[in-house]
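This report refers to the structure that appears directly beneath it.
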Amino acid sequence: MTNPNKKPPYRTHNFLGYKIHHYDHIVSTNEIAKETAKKTKDERIVILADTQTEGKGRLGRLWLSPKGGIWLSIILRPKLSPKEALKLTLIASLAIAKTLTSMFELKAEIKWPNDILVDGKKICGILTEASTRDYNVEFAVVGIGINANIDLATFPSNLQDIVTTLKHELGSEVKLKALLKTFLQSFERNYTRLQKGWWRPLLQEWKDMASFLGEQVEVSSSSEVLVGKALDVDDDGALILRLEDGVLKKIVVGDVTVRRL
Ligand code: BTN
């Protein structure tokens with residue numbers, strides 16, 4: 000039997016209708032968010048951790064999550080089909096890019112589907128996982144990792160040329176609480192608009208911050224590497240690539256590398 004007097008292993012805060020469960024350290028905020036989502040019908044719950052011991056990246060990669068970063072996952076119950084779950088990644092990346100631009104005057108760019116870049120280097124990644132029921136999203140977990148107050152030197156040397164941190168870009172530490180609040184405000188605006196069906200203007204805003212559109216790119220998935228021009232992102236958030244032989248290809252999963260000559 001569960002003890003009703005037992006204190007939960009996290010502190011709680013409320014902000015803008017979001018309930019924040021703040022842990023010191025956990026395995027992965029996405030994993031705890033999925034467990035939490037199965038025990039409640041609520042949404043807008045944020046699982047936040049100071050450190051993660053096994054942060055998850057896309058395509059089974061490990062995500063380094065030392066103290067100083069923002070590691071969080073948002074539990075949502077959107078009215079979306081499974082195919083549309085990618086829209087959550089897009090509205091989250093838009094909110095991050097806008098937050099970094101407005102708070103720190105950084106030129107943040109979005110790289111499809113889930114990377115936020117500053118100075119061409121990755122400063123934030125997003126991992127959205129959805130549980131589906133009867134052809135609908137039952138709940139989704141949008142996991143976000145922001146390299147904030149972290150020394151670049153703490154990353155392995157093979158990553159130091161491709162990732163960056165806010166501390167490195169700004170030369171000083173940022174206020175994590177203010178960053179979290181500004182992001183949640185921006186995310187909430189986007190999520191409400193998405194729920195109201197205002198997807199097109201959101202997508203347009205996203206495209207305006209997307210650095211790779213119109214560029215020659217390489218897209219790698221687990222099965223192939225495709226080369227072509229990143230023409231557009233369609234209504235479902237899928238990448239439209241024009242291959243070198245002129246054929247158009249719609250891509251739902253993959254990693255984009257811009258091939259600047
Ligand atoms: C990527 O590969 O770019 C996605 C990285 C996502 C990392 C975040 S950190 C918070 C949340 N919890 C996880 O285990 N992963 C995501």
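Going by numbering that gives the first Met the number 0, the sequence shown opens with residue 0, and the numbers climb by one from there.
Ideal Cβ positions, reconstructed from N, Cα and C, are used throughout, including at glycine.
Can you name the start and end residues of the alpha helix (DSSP H) that residue i belongs to?
{"i": "ALA177", "result": "175-194"}
{"i": "SER101", "result": "85-103"}
{"i": "TRP198", "result": "198-207"}
{"i": "LYS33", "result": "28-37"}
If residue i and residue j are in contact, beta carbons under 8 Å, what's the gap, nearest whole angstrom?
{"i": "GLU53", "j": "SER92", "result": "Going by Cβ atoms, the distance from GLU53 to SER92 rounds to 23 Å, so no, they are not a contact pair."}
{"i": "PHE182", "j": "ILE122", "result": "Wrong, their Cβ atoms sit about 13 Å apart, outside the cutoff."}
{"i": "ILE109", "j": "SER210", "result": "7 Å"}
{"i": "VAL162", "j": "ASN148", "result": "With a Cβ gap of about 14 Å, VAL162 and ASN148 do not count as contacting."}
{"i": "ALA48", "j": "HIS12", "result": "Not quite, the Cβ-Cβ distance comes to about 14 Å (not below 8 Å), so this is no contact."}
{"i": "LYS82", "j": "ASP234", "result": "The Cβ separation is near 11 Å, so there is no contact."}
{"i": "ILE90", "j": "LEU193", "result": "6 Å"}
{"i": "LYS248", "j": "LEU225", "result": "6 Å"}
{"i": "ASN2", "j": "GLY142", "result": "Going by Cβ atoms, the distance from ASN2 to GLY142 rounds to 30 Å, so no, they are not a contact pair."}
{"i": "ALA36", "j": "PHE138", "result": "4 Å"}
For residue i, count the other beta carbons within 10 Å of its own beta carbon; 16 or more makes it buried, fewer makes it exposed. Which is it?
{"i": "PRO7", "result": "exposed"}
{"i": "TRP197", "result": "exposed"}
{"i": "TYR22", "result": "buried"}
{"i": "ALA152", "result": "exposed"}
{"i": "THR191", "result": "exposed"}
{"i": "ASP55", "result": "According to the sequence displayed, residue 55 carries Lys and not Asp. Counting Cβ neighbours within 10 Å, LYS55 comes out buried, since at least 16 surround it."}
{"i": "LEU15", "result": "exposed"}
{"i": "VAL251", "result": "exposed"}
{"i": "GLN144", "result": "The residue you asked about is not Gln; residue 144 is Gly in the sequence shown. The residue is buried, with at least 16 neighbouring Cβ atoms inside 10 Å."}
{"i": "ASP150", "result": "exposed"}
{"i": "SER156", "result": "exposed"}
{"i": "GLU168", "result": "buried"}
{"i": "PRO200", "result": "exposed"}
{"i": "ASN113", "result": "buried"}
{"i": "LYS40", "result": "exposed"}
Regarding residue i and the ligand BTN, is the C-beta to nearest heavy atom distance less than 7 Å?
{"i": "GLY56", "result": "yes"}
{"i": "LEU278", "result": "This structure cannot speak to residue 278, because the chain is shown only from 0 to 260."}
{"i": "THR98", "result": "no"}
{"i": "THR28", "result": "yes"}
{"i": "ASN118", "result": "Rather than Asn, the amino acid found at residue 118 in this sequence is Asp. Every heavy atom of the ligand BTN is 7 Å or more from the Cβ of ASP118, so no."}
{"i": "SER64", "result": "yes"}
{"i": "ARG60", "result": "yes"}
{"i": "ILE161", "result": "no"}
{"i": "ASN157", "result": "no"}
{"i": "ASP114", "result": "yes"}
{"i": "SER92", "result": "no"}
{"i": "TRP111", "result": "no"}
{"i": "SER72", "result": "yes"}
{"i": "GLU253", "result": "The question names Glu, but residue 253 in the sequence shown is Gly. Every heavy atom of the ligand BTN is 7 Å or more from the Cβ of GLY253, so no."}
{"i": "ILE143", "result": "yes"}
{"i": "GLN51", "result": "yes"}
Could you check where the beta strand (DSSP E) with residue i kicks off and where it finishes?
{"i": "ASP49", "result": "44-51"}
{"i": "GLN215", "result": "215-219"}
{"i": "LYS106", "result": "First-last for LYS106: undefined, no H or E at that position."}
{"i": "ASN13", "result": "10-14"}
{"i": "ALA229", "result": "224-232"}
{"i": "VAL255", "result": "254-257"}
{"i": "ARG241", "result": "238-242"}
So, is the C-beta of residue i closer than 8 Å to a C-beta in chain B?
{"i": "SER80", "result": "Protein chains in the displayed structure number just one, and chain B is not present."}
Relative to the ligand FAD, is the shortest distance from any of its heavy atoms to the C-beta of residue i smaller than 7 Å?
{"i": "PHE138", "result": "Questions concerning the ligand FAD fall outside what the structure shown contains, since the ligands it does hold are the ligand BTN."}
_Any alpha helix (DSSP H) of 4 or more consecutive residues that is wholly inside the segment 133-179_ = 165-169
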